[in-house]
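Worksheet: one structure, shown below.
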Amino acid sequence: MGDFFQGAGYLFRGAKHLLTPGLKRFVVLPILFNFLLFTGLFFLLYHYLFPFADYYIKQLPAWLSFLHGFLVVVLFISTFLLFLSMFTVLFNIVAAPFNGLLAERAQLALFKSEIPSLSFMQITLRSIKRQMQFLGYFFPRFIALLLLFFVPFIQPVYPFIWFFFNAWMLSVQYQDFAMDNNLNSFGEMQEKIKQYKLLSLGFGSIINLASFIPVLNLFTMPAAVIGSVILFCEQNKRSHTC
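The structure is reproduced here in structure tokens:
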């Protein structure tokens, strides 16, 4: 479990550098994207989640009425995590060029390591291609997990399954910014992350948890990007990448 907690520590290490000279101006846009993300998320939760949960619970047979409170909590958490997963993935795709630029600057500022220089348009086009590859990785697993909700008796543990699914996907998506900047293919990125699964899961889990905390969640995106650069460089010391 040491690797898990070490992975979680990378978010805090990234947060320490939010005001590092040379990075501050690249942190502003990710914070703005996170503000829009959570504003939209809570709007949808208020207008769609509560009515859906109420309707779904009312369909239960009378003999299950004693489970009403428990099922409301399970359904609320599961749906919240579903919305969070979708919104985070989509907003990270939109924010990818800016996050990629922040990752590049973080690697230069913290490790004095330059990566191949590209124009913002080149970065944007490369980011779009990379995010399409990520969607090909994400959606089949997302749909499979969505269908899993209808498997009998799995609902009590369903929120935990969603939580760790979100954690893994967040870890993959954030680590990919540094990987992509250093010209690692999407396949190479997957192979590298598999070598330190618990570390990656710990990193994604703390990002996921931070997303639940008001105000703090606004700073999660840039802190996670910087943290992912530190993680990447420390895990690739032997290859002299950073």
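According to this note's numbering, the sequence shown is numbered sequentially starting from 497.
We put the CB at the ideal spot given by N, CA and C, even for glycine.
Three or more C-beta pairs below 8 Å linking the segment 640-654 and the segment 688-695: no
Expected contact under 8 Å - CB spacing of Ser609 and Gln618 to nearest Å: In the sequence shown, the residue the question calls residue 609 occupies position 113. In the sequence shown, the residue the question calls residue 618 occupies position 122. Actually they are not in contact, since the Cβ atoms of Ser609 and Gln618 sit about 19 Å apart, beyond 8 Å.
Nearest neighbour of Ala605, chosen from Leu519, Gly510, Leu714 [CA to CA]: As a first step, residue 605 must be located in the sequence shown, where it is residue number 109. Comparing Cα positions, the closest option is Leu519.
Residue burial classification, Val569 (beta-carbon count within 10 angstroms, cutoff 16): Residue numbering aside, residue 569 sits at position 73 when the sequence shown is read from its first letter. Answer is exposed; the Cβ neighbour count stays below 16.
Nearest-angstrom Cα separation, counted from Val590 out to Ser707: Translated into positions along the sequence shown, residue 707 becomes position 211. Translated into positions along the sequence shown, residue 590 becomes position 94. The alpha-carbon atoms of Ser707 and Val590 are separated by roughly 18 Å.
Proximity of Gly510 and Ser667 at Cβ, strictly below 9 Å: Translated into positions along the sequence shown, residue 510 becomes position 14. Translated into positions along the sequence shown, residue 667 becomes position 171. Cβ distance not < 9 Å, so Gly510 and Ser667 don't count as in contact.
Opening and closing residue of the alpha helix (DSSP H) in which Pro526 lies: Taking the sequence shown and counting its residues from 1, the one referred to as residue 526 is at position 30. First-last of the alpha helix (DSSP H) with Pro526: 520-540.
Endpoints, the alpha helix (DSSP H) within which Val725 is located: Working through the sequence shown from its first residue, we reach residue 725 at position 229. Taken as a continuous stretch (DSSP letters only), the alpha helix (DSSP H) holding Val725 covers 716-731.
First and last residue of the uninterrupted alpha helix (DSSP H) at Asn677: Reading the sequence shown from its first residue, position 181 is the one you call residue 677. First-last of the alpha helix (DSSP H) with Asn677: 654-677.
Euclidean distance between Cα positions of Phe630 and Phe531: Within the sequence shown, numbered from 1, the residue matching residue 630 stands at position 134. Within the sequence shown, numbered from 1, the residue matching residue 531 stands at position 35. Roughly 23 Å separates the two Cα atoms.
Of the listed residues Phe635, Gly596, Phe607, nearest to Thr620 (C-alpha basis): Within the sequence shown, residue 620 is the residue found at index 124, counting from 1. Comparing Cα-Cα distances from Thr620 to each of Phe635, Gly596, Phe607, the minimum goes to Gly596.
6 Å Cβ shell around Phe607 - same chain, five flanking residues per side excluded: For the purposes of this step, residue 607 is taken as residue 111 along the sequence shown, with counting starting at 1. The residues are Cys729, Cys738.
CA nearest to the CA of Glu600, picked from Phe673, Phe638, Ala720, Phe699: Against the sequence shown, residue 600 aligns to sequence position 104. Ranking Phe673, Phe638, Ala720, Phe699 by Cα distance to Glu600 puts Phe673 first.
DSSP state of Ile702 mapped onto helix, strand, coil: Against the sequence shown, residue 702 aligns to sequence position 206. Helix, per DSSP.
Span separating the alpha-carbon of Gln669 from that of Thr516: As a first step, residue 669 must be located in the sequence shown, where it is residue number 173. As a first step, residue 516 must be located in the sequence shown, where it is residue number 20. Rounded to the nearest angstrom, the two C-alpha atoms are 23 Å apart.
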